[in-house]
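Trainee: Right, I'll just put the structure down here and ask away after.
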Amino acid sequence: MSLRPFFEPSSIAIVGASPNITKVGGVVAHTLITNMEKGILKAKVYPINLKYESIFNTKCYKSLKDVNAPIDLVIFAIPAPAVPEVLEEAGQVGTKACIIISSGFKEVGNADLQNQVVNVAKKYGIRIIGPNCLGVFDPFTGVDSLFLPEFKQLSTGKEVLATPRPRPGSIVLISQSGALGAALLDYMAGINLGLRCFVSFGNRADVDESELLEYFMEDRLTKVILLYLESVSDGRRFLRAAKNTSLKKPIVALKVGKSKSGARGAASHTGSLAGMDQVYQAAFEECGVIRANTIEELFDMGRALLYQPPALGKNVVVLTNAGGPGILAADALEDSGLQVVELSDRTKQLFQRRVEEGVLPPIMSYANPVDLTAQVPSDGFREALNILLDDPKVDAILVITLHHTPFVMDDIVGKVAGPAFERSKPVIAVDIGATEMAQEIRARFEKFRVPSFNAPERAARALYALTYYGTFLKENGVLK
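All residue numbers for the sequence shown refer to our numbering, where the first residue is 12 and numbers rise by one.
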């Protein structure tokens, strides 16, 4: 059965709904009812709880059978031992999709209870996300089973964002861990990165990472997929699903459990075995999955793949107005397996001509890094970038635009973004700093779909992702 009812249901029941927003069922009910009232969620919402006549001004039902209407999706926010019986009732009323938030199954050694759930689901043809999960957040349809309040009140009385929902966008985030998934959503919102959909699948009694990849591979709104994994449930299926997906859209994976202690932690968290890390690394390379080492890298690579085309090779040029940062970038690029190549004679001649014409500073360096020096104005970046982008030997460019020099103003963004937009080669920007102008420059670059970072090392890893993905696509005949 299709996974569509999880994301586009026409009706949703919340078993264990509560008027108390400090409870799991209260948060979920409040969020969904609010989304329905605002018109974000088109589905009908049915709170289910024996104790209440209404919840948040919405009629409450004593059981699923009392609803007496089709229910596409049921969200479980009840103790684990009660789940099989209610799941049986869900099957009897024709429900085909259930999100089981409840914990207390295989992850704590209670495999028998989880097997009961699986057997009931198979009996009625019900698809399950979970148990022990956050479930689904789809900003386009308003489905939100996250039991995490968006706002919290501090002891001072001030209300602050606690678990913000990212704006609608093109990146899918799939997480085996619910808690980390929530933190990743917070991170996405903080850097203003748009979300296509979030899925936390927990113990994956049924729906797993492979099936989710297959689903979003065909989703037209999805451009990039980010994965947090502790293990995979079916290695062969994952290889097939990941490779087929990677041929259409990039996947970046944060796979944990590299160390012995990390593997033990993964096993105790969701009741799954992390497996040998070398096996996962080989599998990722086979199917084109780009591996991130940190949360920061996960999103840096995701942004680069979203905004820029894949690189057709590993030859990178560093264009800078400062020597030290350029050297840092060159070191970081080579540490990532990329090549900081010597410029062609023709490119050097073109630079020399611009120097003679007074367009570029006479003391600039034609080596790679190409150091325009602190004397270069914003227009000089545009001239230099156009020359480099036209060099067939150059596959990608890392541009460092330190705004601290007297001649670089905020117009630098347009001077760099314009040539980048007109070409099919990736351009990544760096502006080092943590205060107002640095933040403004980086934010403007992002609006022009040029990923911008506060350190050369981060930019180098983002370029690595673009070259890794480009190489995979070339090897498989997608790019030439």
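Just so it is clear, CB atoms sit at the ideal spot from N, CA and C, and this is done for glycine as well.
Roughly how many angstroms separate the alpha carbons of Val267 and Leu240, rounded to a whole number?
Mentor: Start at 1 with the first residue of the sequence shown, and residue 267 comes out as number 256. Start at 1 with the first residue of the sequence shown, and residue 240 comes out as number 229. Straight-line Cα distance between these residues: approximately 6 Å.
Trainee: Specify, as a first and last residue, the run of the beta strand (DSSP E) that Cys547 falls within.
Mentor: With the chain running from 12 to 491 in the structure shown, residue 547 is simply not present.
Trainee: If you reduce the DSSP assignment to three classes, tell me which class Lys325 lands in.
Mentor: If you number the sequence shown from 1, residue 325 lands on position 314. The answer is coil: DSSP assigns Lys325 none of H, G, I, E or B.
Trainee: Could you tell me which residues DSSP pairs with Ala440 in its beta bridges?
Mentor: Looking up residue 440 in the sequence shown gives position 429. Ala440 pairs with Val410 and Ser463.
Trainee: Does the count of Cβ pairs from the segment 289-301 and the segment 349-359 closer than 8 Å reach three?
Mentor: Cβ pair count under 8 Å is below three, so no.
Trainee: Where does Cys208 fall in DSSP's three states?
Mentor: What you label residue 208 is simply residue 197 of the sequence shown in a count that begins at 1. Strand, per DSSP.
Trainee: Starting from Thr69, follow its DSSP beta bridges and name the residues at the other end.
Mentor: Looking up residue 69 in the sequence shown gives position 58. According to DSSP, which records beta bridges pairwise, Thr69 is partnered with Ile66.
Trainee: Express the C-alpha separation of Pro90 and Gly36 in angstroms, rounding to a whole number.
Mentor: Mapped onto the sequence shown, residue 36 falls at position 25. Mapped onto the sequence shown, residue 90 falls at position 79. Computed Cα separation, rounded: 11 Å.
Trainee: Closest to Val147 by CA distance: which of Leu317, Pro30, Leu409 and Val39 is it?
Mentor: Your numbering for residue 147 matches position 136 in the sequence shown. Minimum Cα distance to Val147 is reached at Val39.
Trainee: Hey, quick one: how far does the beta strand (DSSP E) through Ile185 stretch, first residue to last?
Mentor: In the sequence shown, counting from the first residue as 1, residue 185 sits at position 174. It spans Pro179 to Ser186 - the beta strand (DSSP E) in which Ile185 sits, taken as one unbroken run.
Trainee: Between the beta-carbon of Ala449 and the beta-carbon of His414, is there less than 8 Å?
Mentor: Position 438 of the sequence shown, counting from 1, holds the residue named residue 449. Position 403 of the sequence shown, counting from 1, holds the residue named residue 414. Yes, these two residues count as a Cβ contact at 8 Å.
Trainee: By DSSP, does Gly369 sit in helix, in strand, or in coil?
Mentor: Counting from one through the sequence shown, the residue named residue 369 turns up at place 358. Residue state, collapsed to three classes: coil.
Trainee: What are the partner residues of Lys133, as DSSP defines its beta bridges?
Mentor: Taking the first residue of the sequence shown as position 1, residue 133 is located at position 122. Partner(s): none; Lys133 has no beta bridge.
Trainee: Thinking Leu204 and Arg314 are a contact (beta carbons under 8 Å), I'd like their distance in whole angstroms, please.
Mentor: Here residue 204 refers to the residue found at position 193 of the sequence shown. Here residue 314 refers to the residue found at position 303 of the sequence shown. With 8 Å as the limit, Leu204 and Arg314 qualify as a contact, their Cβ atoms being about 6 Å apart.
Trainee: Does DSSP put His280 in a helix, a strand or coil?
Mentor: Here residue 280 is taken as the residue at index 269 of the sequence shown, counted from 1. Interpretation of His280 is limited by its pLDDT of 46, a score under 50 that renders its predicted location unreliable; no figure is taken from the coordinates.
Trainee: Specify the secondary structure class of Pro90 as computed by DSSP and reduced to three states.
Mentor: Taking the first residue of the sequence shown as position 1, residue 90 is located at position 79. Three-state DSSP puts Pro90 in coil, outside helix and strand.
Trainee: Taking the CB atoms as reference points, tell me whether Ile411 and Ala333 lie closer together than 8 Å.
Mentor: Numbered from its first residue, the sequence shown carries residue 411 at position 400. Numbered from its first residue, the sequence shown carries residue 333 at position 322. Closer than 8 Å, so yes.
Trainee: Leaving aside the five residues before and after Gly481 along the sequence, list all residues of the same chain whose C-beta is less than 7 Å from its C-beta, in chain order.
Mentor: Residue 481 sits at position 470 when you count from the first residue of the sequence shown. Taken in chain order, the residues that qualify are Pro321, Ala322, Leu323 and Leu490.
Trainee: What distance in whole Å lies between the Cβ atoms of Asp421 and Glu457, which are believed to be in contact at a cut-off of 8 Å?
Mentor: In the sequence shown, counting from the first residue as 1, residue 457 sits at position 446. In the sequence shown, counting from the first residue as 1, residue 421 sits at position 410. In fact, because the Cβ distance is near 14 Å, the residues do not count as touching under 8 Å.
Trainee: Going by DSSP, what residues sit across from Gln350 in a beta bridge?
Mentor: If you number the sequence shown from 1, residue 350 lands on position 339. The partner list for Gln350 (beta bridge, DSSP) reads Asn326.
Trainee: Whole angstroms are fine: how far does the CA of Lys55 sit from the CA of Val104?
Mentor: As a working mapping, residue 104 is identified with position 93 in the sequence shown. As a working mapping, residue 55 is identified with position 44 in the sequence shown. Distance between the alpha carbons of Val104 and Lys55: 16 Å.
Trainee: Could you spell out where the beta strand (DSSP E) holding Ile82 opens and where it closes?
Mentor: Within the sequence shown, the letter at position 71 stands for residue 82. Premise fails: Ile82 is in no beta strand (DSSP E) and is neither H nor E.
Trainee: Along the beta strand (DSSP E) that carries Tyr10, what are the first and last residues, could you check?
Mentor: Past the edges of the chain, shown from 12 to 491, lies residue 10, and the structure says nothing about it.
Trainee: Use the C-beta contact count for Asn326: other C-beta atoms within 10 angstroms, 16 or more gives buried, fewer gives exposed.
Mentor: Your numbering for residue 326 matches position 315 in the sequence shown. Buried: at least 16 other Cβ atoms inside 10 Å.
Trainee: How would you label Gly213, buried or exposed, when you count the other beta carbons within 10 angstroms and need 16 or more for buried?
Mentor: For this step, residue 213 is matched to residue 202 along the sequence shown. That one is buried.
Trainee: In this structure, how does DSSP classify Gly213 when only helix, strand and coil are distinguished?
Mentor: Here residue 213 corresponds to residue number 202 of the sequence shown, with the count starting at 1. Gly213 falls in the coil class under three-state DSSP.
Trainee: Return helix, strand or coil for Arg364, following the three-state DSSP convention.
Mentor: Working through the sequence shown from its first residue, we reach residue 364 at position 353. DSSP places Arg364 in helix when its eight states are reduced to three.
Trainee: Could you check if Thr331 is buried or exposed, using at least 16 other CB atoms within 10 Å of its CB as the buried criterion?
Mentor: For the purposes of this step, residue 331 is taken as the residue at position 320 of the sequence shown. By the 10 Å Cβ count, Thr331 comes out buried.
Trainee: In the DSSP output, what is Ala24 paired with across the bridge?
Mentor: The count along the sequence shown starts at 1 and reaches residue 24 at position 13. Answer by DSSP bridge pairing, in chain order: Tyr57 and Val85.
Trainee: Could you tell me which residues DSSP puts in a beta bridge with Arg302?
Mentor: Translated into positions along the sequence shown, residue 302 becomes position 291. The partner list for Arg302 (beta bridge, DSSP) reads Ala264.
Trainee: Would Arg453 and Tyr318 be called neighbours here (beta carbons separated by less than 8 Å)?
Mentor: Numbered from its first residue, the sequence shown carries residue 453 at position 442. Numbered from its first residue, the sequence shown carries residue 318 at position 307. Not a contact, by the Cβ cut-off of 8 Å.
Trainee: Just checking my contact of Val183 with Thr233 at CB under 8 Å: how many whole Å lie between their CB atoms?
Mentor: The residue given as residue 183 occupies position 172 in the sequence shown. The residue given as residue 233 occupies position 222 in the sequence shown. Sure, about 5 Å apart at Cβ, within 8 Å.
Trainee: Helix, strand or coil for Gly481, going by three-state DSSP, please let me know.
Mentor: Mapped onto the sequence shown, residue 481 falls at position 470. In this structure, Gly481 counts as helix in the three-state DSSP scheme.
Trainee: Do Ala216 and Val128 have their CB atoms nearer than 8 Å?
Mentor: Start at 1 with the first residue of the sequence shown, and residue 216 comes out as number 205. Start at 1 with the first residue of the sequence shown, and residue 128 comes out as number 117. Yes, the Cβ-Cβ distance between Ala216 and Val128 is below 8 Å.
Trainee: Output needed for Gly429: all residues of its chain with C-beta closer than 8 Å, excluding positions within five of it in sequence on either side, in chain order.
Mentor: Translated into the one-based positions of the sequence shown, residue 429 becomes position 418. Closer than 8 Å at Cβ, skipping near neighbours: Arg393.
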